[in-house]
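**Q** Its first residue numbered 397, the sequence shown is counted upward by one per residue in this note's numbering. In this text, a Cβ means the ideal position worked out from N, Cα and C, and glycines have one as well.
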Amino acid sequence: SIFDKITKDDIIIAFFPCIRFTKQIELEFTQKAPQYRTLAIEEKLLLARQLEQERTDFYNLFCDLILVCCKKHIRLIIENPYSKNHYLVRYFPIKASIIDTNRRERGDYFEKPTQYWFINCLPSYNHNALFREQVIPKKRRVLDYPSGSKERSEISPIYARQFIEEFIL
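(1) Report the residue from Ala410, Pro489, Glu424 whose alpha carbon sits nearest the alpha carbon of Arg445.
(2) Suppose you measure from the CA of Ile409 to the CA of Asp400; what does that come to, to the nearest Å?
(3) Just to confirm before moving on: does the CB-CB distance between Glu475 and Tyr432 stay below 7 angstroms?
(4) Let me confirm a value: Tyr541 is counted as buried when at least 16 other C-beta atoms fall within 10 Å, else exposed. Which label applies?
(5) Using DSSP with H/G/I as helix, E/B as strand and the rest coil, what is Ser543?
(6) Helix, strand or coil, according to DSSP, for Pro430 in the structure here?
(7) Distance check for Val485 and Ala492, CA to CA, integer angstroms please.
(8) Using the three-state DSSP reduction, which class does Glu422 fall into: helix, strand or coil?
(9) Skipping 5 residues on each side, what residues in its chain have a beta carbon closer than 7 angstroms to that of Arg499?
(10) From what residue to what residue does the beta strand (DSSP E) around Tyr512 run?
(11) So for Glu475, helix, strand or coil by DSSP?
(12) Check whether the Cβ atoms of Phe514 and Phe458 sit closer than 7 angstroms, and answer yes or no.
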């Protein structure tokens, strides 16, 4: 497996695919948007079942990643969006270690709330990180959808560096 050469001295930082855990997917399940009006009942049910299966598959992968790291004592940090209605916030038994409600404060392009799980390690909370003084929030990006959804998932290099220095080093 890909974990065979990873040791206790290593650390995995995972940006886990999140589209099936967000509040947006709940809207897809109810199919109240205009694009669903013309679907037959059978099509609506098949789509809802497919979405639920995809979420179940992602949830199982999320759990498997954590279980493997726990078994092998590998340090793991997982990033995922945060909202009160987020599937993992509501149903996952392990609560996030850190919730960053405004990533722009650490130099990101978006306020986008984000949660982080620290498995087999703890956040360092290095509030005196040298880089902290240099953080200037980037100009807010304006995105055109649908291409904007990909860009919205990006983390700026400034935010990544600040997060690493503040919570990992």
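**A** Working from what's here:
(1) Looking up residue 445 in the sequence shown gives position 49. It is Glu424.
(2) On the sequence shown, residue 409 is found 13 positions in, with the first residue counted as 1. On the sequence shown, residue 400 is found 4 positions in, with the first residue counted as 1. Between the alpha carbons of Ile409 and Asp400 lies a gap of roughly 17 angstroms.
(3) On the sequence shown, residue 475 is found 79 positions in, with the first residue counted as 1. On the sequence shown, residue 432 is found 36 positions in, with the first residue counted as 1. Cβ atoms of Glu475 and Tyr432: not closer than 7 angstroms.
(4) Residue mapping note: residue 541 aligns to position 145 of the sequence shown, counting from 1. Any reading at Tyr541 is ruled out, since the residue's pLDDT is 44, under 50, leaving its predicted position unreliable.
(5) Residue numbering aside, residue 543 sits at position 147 when the sequence shown is read from its first letter. Note that Ser543 scores 46 on pLDDT, short of 50, meaning its location in the model is unreliable and no value can be drawn from it.
(6) For the purposes of this step, residue 430 is taken as the residue at position 34 of the sequence shown. Of the three classes helix, strand and coil, the one that applies to Pro430 here is helix, per DSSP.
(7) On the sequence shown, position 96 is the one that residue 492 refers to. On the sequence shown, position 89 is the one that residue 485 refers to. Their backbone Cα atoms lie some 8 angstroms apart in a straight line.
(8) If you number the sequence shown from 1, residue 422 lands on position 26. In the displayed model, Glu422 falls within a helix according to three-state DSSP.
(9) Taking the first residue of the sequence shown as 1, we reach residue 499 at position 103. Excluding sequence positions up to five before and after Arg499, its CB lies within less than 7 angstroms of the CB of Phe506, Glu507, Lys508, Thr510, Tyr555, all in the same chain and listed in chain order.
(10) For the purposes of this step, residue 512 is taken as residue 116 along the sequence shown, with counting starting at 1. For Tyr512, the enclosing beta strand (DSSP E) starts and ends at 510-515.
(11) On the sequence shown, residue 475 is found 79 positions in, with the first residue counted as 1. Looking at Glu475 - three-state DSSP - the assignment turns out to be strand.
(12) Reading the sequence shown from its first residue, position 118 is the one you call residue 514. Reading the sequence shown from its first residue, position 62 is the one you call residue 458. For Phe514 and Phe458, no; Cβs fall outside 7 angstroms.
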